[in-house]
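Undergrad: Structure below; questions to follow.
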């Protein structure tokens, strides 16, 4: 019984993290679309695709992983800074780095996915991540619907007061 409660709490915590990132993700997509309008994204994507097609898949994997390999250690530095008393600076840096990772890694994945999928082990890993994503989404769905219903209720109350 206790093990089930701990497991359920851990899954709920993971679902809440997933929901938070999904919400942030939607906002970042809107911002990225505005930025993309300012740059010649189509030409850049075509030029980058030519480079990716020329490179071997392991090199393309490195291109995909470089932001992660840079950002993750810096996130650790931010946590250390927070622990050493630089709370505001550490938190701001951590949030900015996390937002950069959430914005940059999907864009790079979009540009390299076709080459990454030529590696069988990557396809297996990708399928597992997608399966977990769908599982987490199913866990979060009732909470999302409840939160949306509560928000609609608050809006109706606010409109009735105003």
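In the working numbering, the protein residues as written are 1144 to 1305.
Every residue, glycine too, gets a C-beta built ideally from N, C-alpha and C.
Can you check whether the CB of residue 1236 is closer than 8 Å to the CB of residue 1214?
TA: As a position in the chain shown, residue 1214 is number 71, starting the count at 1. As a position in the chain shown, residue 1236 is number 93, starting the count at 1. Their beta carbons are not under 8 Å apart, which means residue 1214 does not touch residue 1236 by this criterion.
Undergrad: Closer than 8 Å by C-beta to residue 1251: which residues in its own chain qualify, once you throw out the five before and the five after it? Chain order, please.
TA: Translated into positions along the chain shown, residue 1251 becomes position 108. Excluding residues within five positions, the ones whose Cβ falls inside 8 Å are 1206, 1207 and 1210.
Undergrad: If you reduce the DSSP assignment to three classes, tell me which class residue 1255 lands in.
TA: Looking up residue 1255 in the chain shown gives position 112. Residue 1255: helix per DSSP, three-state reduction.
Undergrad: Can you tell me whether DSSP reads residue 1199 as helix, strand or coil?
TA: As a first step, residue 1199 must be located in the chain shown, where it is residue number 56. Residue 1199: coil per DSSP, three-state reduction.
Undergrad: Classify residue 1278 as helix, strand or coil using the three-state DSSP reduction.
TA: By 1-based counting over the chain shown, the position of residue 1278 is 135. If DSSP states are grouped into helix, strand and coil, residue 1278 belongs with the helices.
Undergrad: Kindly indicate which residue of 1262, 1216 and 1173 has the alpha-carbon position closest to the one of residue 1204.
TA: Here residue 1204 is taken as the residue at index 61 of the chain shown, counted from 1. Considering only alpha carbons, the answer is 1262.
Undergrad: Just list the alpha helix (DSSP H) runs in the stretch 1202 to 1227, keeping only unbroken ones of 4 residues or longer that don't cross its boundaries, in chain order.
TA: Listed in chain order, there is nothing to give.
Undergrad: At a cut of 8 Å, does the stretch 1256 to 1270 reach the stretch 1184 to 1200 through at least three beta carbon pairs?
TA: Enough Cβ pairs lie closer than 8 Å, so yes.
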